[in-house]
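If you're matching positions, the sequence shown starts at 1 in UniProt numbering and goes up one per residue.
We treat Cβ as the ideally placed atom computed from N, Cα and C, and that holds for glycine.
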Amino acid sequence: MKTDGPAMNEDVAGKPQGPWLDWLLNDLVKRLSGAEKAVVLSADGLTLGRSADLDRESGEHLSAMASAFRSLARGVGSQFDKGSVHQTVVELERGYLVVTEAGEGACLALIAGPGADLGVVAYEMNVLVGQVGTNLSAPPRRAPIPQAP
């Protein structure tokens, strides 16, 4: 995929982070009618990237909430034998929260206003994930193994 944004920086696992991922989220929010805010998060709720309209604290809040909704949806799929979760949509009084799987162990979450076309939102989120999804994978965190004294 060709982009005109910042160069991709990588974390220790070789996954995108920082300006490159933030740029993709900013682009999605700017070009998608009704989109307001977006984050990419790990399965355990850590923010991997956020759109410019989210400060760090708000990005972390959105990531934690999106992770919780993803977990609840996975529980429904498992408990009632409905399979894996592709997307979770929460309809609110003045908008929507849409959470889409984005590579192994990662999600893309987007807040949209009440006038957003959910079909277009879902499509554009899935296009973005399809273009860069394997780069958005986030391996699970592991607790360090204590060393014997």
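Under the DSSP assignment, glycine 34 falls outside any alpha helix (DSSP H); it carries neither an H nor an E label.
In the displayed model, serine 42 falls within a strand according to three-state DSSP. With contacts defined as CB atoms closer than 8 Å, leucine 54 and lysine 37 qualify as a contacting pair. In this structure, glutamate 101 lies away from valine 127, with their beta-carbon atoms at least 8 Å apart. In this structure, alanine 109 places its C-beta atom within 8 Å of the C-beta atom of leucine 97.
Beta-bridge partners assigned by DSSP to arginine 50: Val39. Rounded to the nearest whole angstrom, the C-alpha separation of arginine 31 and leucine 46 is 25 Å. For phenylalanine 69, same chain residues with a beta-carbon under 8 Å away, outside a window of 5 residues either side, are Thr88, Val90, Leu97 and Val99 in chain order. Separation of leucine 62 and valine 39 (C-alpha to C-alpha, rounded to the nearest whole angstrom) is 7 Å. The beta-bridge partner set that DSSP reports for leucine 97 consists of Val90 and Ile111. For alanine 73, the secondary structure class from DSSP, reduced to helix, strand or coil, is helix. Rounded to the nearest angstrom, the gap between the Cα atoms of alanine 73 and alanine 66 is 11 Å. By DSSP's assignment, alanine 106 forms a beta bridge with Ser42. If you draw a straight line from the Cα of glycine 130 to the Cα of glutamate 93, it comes to about 30 Å. If you draw a straight line from the Cα of valine 29 to the Cα of serine 51, it is about 7 Å long.
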